[in-house]
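So the structure is just underneath, and the comments pick up after that.
Number of protein chains: 6
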Amino acid sequence: MELSHFNEAGKARMVDVTAKNDTVREAVAEGRVTMRPQTLELVKKGAMGKGDVLAVAQVGGIMGAKRTWELIPMCHPLLLTGVNIEFTLREEISAIDIRATVKTTGKTGVEMEALTAVSVAALTIYDMCKAVDKDMIVEYIRLTAKSGGKSGNYQREESV
Amino acid sequence: MELSHFNEAGKARMVDVTAKNDTVREAVAEGRVTMRPQTLELVKKGAMGKGDVLAVAQVGGIMGAKRTWELIPMCHPLLLTGVNIEFTLREEISAIDIRATVKTTGKTGVEMEALTAVSVAALTIYDMCKAVDKDMIVEYIRLTAKSGGKSGNYQREESV
Amino acid sequence: MELSHFNEAGKARMVDVTAKNDTVREAVAEGRVTMRPQTLELVKKGAMGKGDVLAVAQVGGIMGAKRTWELIPMCHPLLLTGVNIEFTLREEISAIDIRATVKTTGKTGVEMEALTAVSVAALTIYDMCKAVDKDMIVEYIRLTAKSGGKSGNYQREESV
Amino acid sequence: MELSHFNEAGKARMVDVTAKNDTVREAVAEGRVTMRPQTLELVKKGAMGKGDVLAVAQVGGIMGAKRTWELIPMCHPLLLTGVNIEFTLREEISAIDIRATVKTTGKTGVEMEALTAVSVAALTIYDMCKAVDKDMIVEYIRLTAKSGGKSGNYQREESV
Amino acid sequence: MELSHFNEAGKARMVDVTAKNDTVREAVAEGRVTMRPQTLELVKKGAMGKGDVLAVAQVGGIMGAKRTWELIPMCHPLLLTGVNIEFTLREEISAIDIRATVKTTGKTGVEMEALTAVSVAALTIYDMCKAVDKDMIVEYIRLTAKSGGKSGNYQREESV
Amino acid sequence: MELSHFNEAGKARMVDVTAKNDTVREAVAEGRVTMRPQTLELVKKGAMGKGDVLAVAQVGGIMGAKRTWELIPMCHPLLLTGVNIEFTLREEISAIDIRATVKTTGKTGVEMEALTAVSVAALTIYDMCKAVDKDMIVEYIRLTAKSGGKSGNYQREESV
Numbered sequence: 029m030e031l032s033h034f035n036e037a038g039k040a041r042m043v044d045v046t047a048k049n050d051t052v053r054e055a056v057a058e059g060r061v062t063m064r065p066q067t068l069e070l071v072k073k074g075a076m077g078k079g080d081v082l083a084v085a086q087v088g089g090i091m092g093a094k095r096t097w098e099l100i101p102m103c104h105p106l107l108l109t110g111v112n113i114e115f116t117l118r119e120e121i122s123a124i125d126i127r128a129t130v131k132t133t134g135k136t137g138v139e140m141e142a143l144t145a146v147s148v149a150a151l152t153i154y155d156m157c158k159a160v161d162k163d164m165i166v167e168y169i170r171l172t173a174k175s176g177g178k179s180g181n182y183q184r185e186e187s188v
Numbered sequence: 029m030e031l032s033h034f035n036e037a038g039k040a041r042m043v044d045v046t047a048k049n050d051t052v053r054e055a056v057a058e059g060r061v062t063m064r065p066q067t068l069e070l071v072k073k074g075a076m077g078k079g080d081v082l083a084v085a086q087v088g089g090i091m092g093a094k095r096t097w098e099l100i101p102m103c104h105p106l107l108l109t110g111v112n113i114e115f116t117l118r119e120e121i122s123a124i125d126i127r128a129t130v131k132t133t134g135k136t137g138v139e140m141e142a143l144t145a146v147s148v149a150a151l152t153i154y155d156m157c158k159a160v161d162k163d164m165i166v167e168y169i170r171l172t173a174k175s176g177g178k179s180g181n182y183q184r185e186e187s188v
Numbered sequence: 029m030e031l032s033h034f035n036e037a038g039k040a041r042m043v044d045v046t047a048k049n050d051t052v053r054e055a056v057a058e059g060r061v062t063m064r065p066q067t068l069e070l071v072k073k074g075a076m077g078k079g080d081v082l083a084v085a086q087v088g089g090i091m092g093a094k095r096t097w098e099l100i101p102m103c104h105p106l107l108l109t110g111v112n113i114e115f116t117l118r119e120e121i122s123a124i125d126i127r128a129t130v131k132t133t134g135k136t137g138v139e140m141e142a143l144t145a146v147s148v149a150a151l152t153i154y155d156m157c158k159a160v161d162k163d164m165i166v167e168y169i170r171l172t173a174k175s176g177g178k179s180g181n182y183q184r185e186e187s188v
Numbered sequence: 029m030e031l032s033h034f035n036e037a038g039k040a041r042m043v044d045v046t047a048k049n050d051t052v053r054e055a056v057a058e059g060r061v062t063m064r065p066q067t068l069e070l071v072k073k074g075a076m077g078k079g080d081v082l083a084v085a086q087v088g089g090i091m092g093a094k095r096t097w098e099l100i101p102m103c104h105p106l107l108l109t110g111v112n113i114e115f116t117l118r119e120e121i122s123a124i125d126i127r128a129t130v131k132t133t134g135k136t137g138v139e140m141e142a143l144t145a146v147s148v149a150a151l152t153i154y155d156m157c158k159a160v161d162k163d164m165i166v167e168y169i170r171l172t173a174k175s176g177g178k179s180g181n182y183q184r185e186e187s188v
Numbered sequence: 029m030e031l032s033h034f035n036e037a038g039k040a041r042m043v044d045v046t047a048k049n050d051t052v053r054e055a056v057a058e059g060r061v062t063m064r065p066q067t068l069e070l071v072k073k074g075a076m077g078k079g080d081v082l083a084v085a086q087v088g089g090i091m092g093a094k095r096t097w098e099l100i101p102m103c104h105p106l107l108l109t110g111v112n113i114e115f116t117l118r119e120e121i122s123a124i125d126i127r128a129t130v131k132t133t134g135k136t137g138v139e140m141e142a143l144t145a146v147s148v149a150a151l152t153i154y155d156m157c158k159a160v161d162k163d164m165i166v167e168y169i170r171l172t173a174k175s176g177g178k179s180g181n182y183q184r185e186e187s188v
Numbered sequence: 029m030e031l032s033h034f035n036e037a038g039k040a041r042m043v044d045v046t047a048k049n050d051t052v053r054e055a056v057a058e059g060r061v062t063m064r065p066q067t068l069e070l071v072k073k074g075a076m077g078k079g080d081v082l083a084v085a086q087v088g089g090i091m092g093a094k095r096t097w098e099l100i101p102m103c104h105p106l107l108l109t110g111v112n113i114e115f116t117l118r119e120e121i122s123a124i125d126i127r128a129t130v131k132t133t134g135k136t137g138v139e140m141e142a143l144t145a146v147s148v149a150a151l152t153i154y155d156m157c158k159a160v161d162k163d164m165i166v167e168y169i170r171l172t173a174k175s176g177g178k179s180g181n182y183q184r185e186e187s188v
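Written out as structure tokens, the structure reads:
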């Protein structure tokens, strides 16, 4: 078992995927921002009327996904063909759950793009709310499903 | 208590900080990538010789911090004057802890820059290791300290 | 009367503003997207509930303003300290009016940043609505006011 | 008739075009910068010798077209395969007409890329001339033709 | 013999490659940073332990290659499918040789991407060492081989 | 004598310049593109009429300078206050000499920005001419002068 992002000299490289086929690929990632109940309440009010934190996080996350290859040093550039982000307000645990689905037709998977979409959306929520709550925590960012490509499908086993 | 990132019409704006003073500001953020023990072992071997995952994550995190204002929709552009990232291998919990310290002299704080540095470094670790471990989790991204600016200092109370 | 963006050889340069003072500067630009009444109606419905075109255009315009210096070849980089965008639905002329206010403390004005905010917001509206109306026109993008800096204030005389 | 850039929850998404075919696509957009006759005269002199405003606007517009997907929040990234920009000095109306032709082989059209090329070229002209004329107006930015893709061809009917 | 990057009016354009085939393409570029022997010694020590200049240059060069189309005005965007950079310490001439190999499947070659990878890697070395040696020279940046595409293969004849 | 871009653990960092003063800083860098006499002749003809390679390289170099901090991993972001690029056709050695002058008021020098301006301008020339001459060499990129900041002035001794 070896890490693939290194050349024979042990130095970082962008893995050669030239010979791989263009196939439809999809990845789903999820994450969570935990916050004070009062902060969640403010977000909730905004989502129903004025000051929509989640609308901004949605745009930030989608735009962030497109720039994954610029941010993550060894990521391959990809032409994303679809990005969707969903937020779930979890009042019972005082948190916002984030779920990003990313698609492409290409030579490598879009796991990193889905994870980046979630991360940027989460950071945007933090940014929009930090004036009232600096204790928020971004957590549980993980790949939950992946399909397409030679390595086959992936489905995380979990119950949250 | 109100969210500041909205104008009178309830629409998102970049908060007006024109009248704020340029002061020295520093923020520290931390986060963690949890992984299988075998994956951590591979990272550890690389850090000692060939294939240094953490060296790439270090560069990715620093470059990501500089681009925070491009990623986070309502963030103000800032001239970062210092970025440092430290990794701690936590074998007892099979994780890598990431700590980023960011400084500037400017009108707004660098909390988001520190959190972005940690996030991009964490995503880079995920990217470099995902061929061998897709179950990694990026978690516990949080602001741990902040100084400078009108809102005063912040120190997270925690014991991990 | 001479164009300033050229050196002695008549070649483009980024004008030397090193000796100018850092002063508070503000610029206001406006523009308009003209569309079919049915298209305006769709935007209006979204603004009141589902599918908010203007929320996306707001974020797009603000993020575009920050990147003005990357887009406009001879623009100086500036640290924007405030960006606000307002939309007015003009049913009587079947159009959306866009108004951007940009502030900075710096050595050059923010006219281009305000104009870019309006332009990107207008293009975003076009993008979000083009599936139903390709005949939209982006028009009347202009500087309406400017203050700060050696060249003094500017106020467009107009009645639209 | 519905706007396509929203998911079932009414939130913005990048439309899923995964299943669309890669076809040759072309779009033509036009726009205009209206200015004082003396300003147009200065541009004209530059175009013939020293201080070529339009050469800079040409480069700015082409580079802007390539970055459309970074600027317009819900735009898909595309590999542009050709960008051409033409300027026409319109002394009878004291204006510069801009026309951009953009091509790609891909899953979505290049309307936004052509419109962005025109917009950035127009803003660059404004930037290069604003020291002598702040009253310029960027106007009449519109799609004039489009071919390729499932939605078929588009040809604006107009006489200017 | 004519330069291809101009339209009929003699103005710069992005050459129309729409009709070209997607083929596998590879380019190799090389370059050199000449420095004082003491500076080379510092780099060498770092490469063996602490403070690895070349690890940072490796990441910088790879990330720079991906952004070539953003930097070089008339370059076509391309999806790089592999980037590798190798450094050779040349103590006999007190220099570091840089060699970048870039691959893609696309309509245009990756010569510029390979040259940009070398250039950014070289500039990164300069940046990391400039505190101790401002006399370094970046030199001999050249294409050494190219394959794929209609124009056929290229192999530089040289002996250095 | 130590390299400054590393922290105590020997890992790369962005050097902390928070405590440095904002002073006026200027750097001049030069470089050269060597080409066949026929290629130089084509560039020369363009510079006098149609197809101006150097006008594009000028814009590319200036825009590249502004993005130095995005490209070079450990570079600090800076607000450039002036960029000028000059080209000299050197028929006696069949080359184009490039000279970039960059200014800022800030906490760190602009050596890297001047070197990047020269490099991107040189690569742009290569790109614009590569259809007729793949043997061009970018060479002799060096800092020639620097002023401002604590480390004092620098003037390269040379005669080319």
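Protein chains in written order, with my numbering: chain A, 29 to 188; chain B, 29 to 188; chain C, 29 to 188; chain D, 29 to 188; chain E, 29 to 188; chain F, 29 to 188. Where is the CB? At the ideal position from N, CA and C, for every residue including glycine.
Residue i, DSSP secondary structure in three states
{"i": "residue 90 of chain E", "result": "helix"}
{"i": "residue 126 of chain C", "result": "strand"}
{"i": "residue 36 of chain B", "result": "coil"}
{"i": "residue 144 of chain C", "result": "helix"}
{"i": "residue 81 of chain F", "result": "helix"}
{"i": "residue 69 of chain D", "result": "helix"}
{"i": "residue 117 of chain C", "result": "strand"}
{"i": "residue 58 of chain B", "result": "strand"}
{"i": "residue 155 of chain D", "result": "helix"}
{"i": "residue 137 of chain C", "result": "coil"}
{"i": "residue 1 of chain D", "result": "Residue 1 of chain D lies beyond the stretch modelled for chain D, which goes from 29 to 188, so this question has no answer here."}
Bridge-paired residues (DSSP) for residue i
{"i": "residue 169 of chain F", "result": "E:166"}
{"i": "residue 149 of chain D", "result": "Paired residue(s): none; residue 149 of chain D is not in a bridge."}
{"i": "residue 182 of chain C", "result": "C:174"}
{"i": "residue 131 of chain E", "result": "E:54 and E:110"}
{"i": "residue 15 of chain E", "result": "Shown here, chain E extends from 29 to 188; a query on residue 15 of chain E therefore has no answer."}
Spatially closest choice to residue i from the options, by CA coordinates
{"i": "residue 73 of chain D", "options": "C:66, C:150, C:63 and C:31", "result": "C:31"}
{"i": "residue 106 of chain B", "options": "B:37, B:54, B:33 and B:156", "result": "B:54"}
{"i": "residue 145 of chain E", "options": "A:128, A:34 and A:41", "result": "A:41"}
{"i": "residue 63 of chain A", "options": "A:176, A:38 and A:151", "result": "A:151"}
{"i": "residue 34 of chain D", "options": "A:80, A:119, A:121 and A:114", "result": "A:114"}
{"i": "residue 37 of chain B", "options": "A:119, A:79, A:148 and A:155", "result": "A:79"}
{"i": "residue 43 of chain A", "options": "E:127, E:166 and E:110", "result": "E:110"}
{"i": "residue 126 of chain D", "options": "D:39, D:120 and D:59", "result": "D:59"}
Environment of residue i [buried if 16+ CB atoms lie within 10 Å]
{"i": "residue 65 of chain C", "result": "exposed"}
{"i": "residue 186 of chain A", "result": "exposed"}
{"i": "residue 179 of chain D", "result": "exposed"}
{"i": "residue 181 of chain A", "result": "exposed"}
{"i": "residue 123 of chain A", "result": "buried"}
>> For the pair the stretch 155 to 164 of chain C and the stretch 43 to 58 of chain C, tell me if three or more CB-CB distances fall below 8 Å.
In response: no
> Would the stretch 104 to 123 of chain F and the stretch 98 to 114 of chain E be scored as touching if the rule is three or more Cβ pairs under 8 Å?
Replying inline: With the rule of 3 Cβ pairs closer than 8 Å, the stretch 104 to 123 of chain F does not count as touching the stretch 98 to 114 of chain E.
> Do the stretch 161 to 178 of chain B and the stretch 161 to 178 of chain A make contact, defined as three or more Cβ pairs closer than 8 Å?
Replying inline: yes
> Counting pairs of beta carbons, one from the stretch 125 to 133 of chain A and one from the stretch 132 to 145 of chain B, are three or more of them closer than 8 Å?
Replying inline: no
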